[in-house]
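I have placed the structure first, in the form of structure tokens, so that the comments after it can refer back to it.
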Amino acid sequence: MSGLFSHPPARTGVSGGRPELRFSAWVPAPGDHAWAGLTEHLHLWWPADELSRWGEDSFFDLEDNALVETSAHDDENVWGEVTDSSSGEWLEMSWRQVGSASTTVVRIEMAPADEPASTSMTSTPSAPQRDGTGAVRTGVTLTLVHSGWTAEDPQDAYEFYRAFWPDALSRYRRFMGAS
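Offset between the sequence shown (1-based) and the working numbering: plus 40.
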């Protein structure tokens, strides 16, 4: 009897998408400096050698509420459009996949935090680090969540960002003075 109707019944409770990608990184800087490093000085740490339409000579910048890549010949590509933000706290972008009409969501949140015992890219909290004097070092934790993946999104794009975001955050950490 299942072939009686021309359309199969709608599946319920099945998302069909891939899990969100979530990474955190701690930086040894006050919130306002960490935010400026993330938004105003992005071109100084962004891994254009890994994510670029035109290669390492491209310039990345957050301008006019978008993450824009500009080639050496002034060609432009918009990677993400800011959909909402609260300066110094969080930024959310509609993220475009190159060669696809698909978009996902990248949300970056920043919060004051003591330095964790481990500064690897993880979402698991750990005990704070103490400097040579026994004082706890303070800074901010940046959390990046890349969500909205569907079953139609290419698996290779998902795997690319699974590797790309930890590297991008690692470069941001080094730029902000973390070891």
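Ideal placement from N, C-alpha and C gives every residue a C-beta, glycine not left out. Keep in mind that this is a model prediction, so the values were computed, not measured.
Ranked by Cα distance from Ser-134, the options Val-180, Asp-101, Ser-187 are led by Ser-187. In the DSSP assignment, Pro-152 falls outside any alpha helix (DSSP H) and within the unbroken beta strand (DSSP E) covering 143-154. Pairing Thr-181 with Ala-208 gives a Cβ-Cβ distance that is not under 7 Å. Under the Cβ criterion (8 Å, minimum of three pairs), the stretch 56-74 counts as touching the stretch 185-200.
DSSP, read as helix, strand or coil, puts Gly-120 in strand. For His-73, the enclosing alpha helix (DSSP H) begins and ends at 71-79. Beta-bridge pairing by DSSP links Met-133 to Val-122, Val-146. Pro-194 counts as exposed, since fewer than 16 other C-beta atoms from the protein chains shown sit within 10 angstroms of its C-beta.
Counting along the chain, no beta strand (DSSP E) covers Glu-199; the unbroken alpha helix (DSSP H) around it starts and ends at 195-215.
Here the alpha carbon of Asp-114 sits roughly 42 Å from the alpha carbon of Arg-177. The stretch 208-219 makes contact with the stretch 64-81: 3 or more CB pairs, one atom from each, lie closer than 8 Å. Pairing Glu-149 with Trp-66 gives a Cβ-Cβ distance that is not under 7 Å. Cβ-Cβ separation between Tyr-198 and Arg-58: approximately 5 Å, consistent with a contact (criterion under 8 Å).
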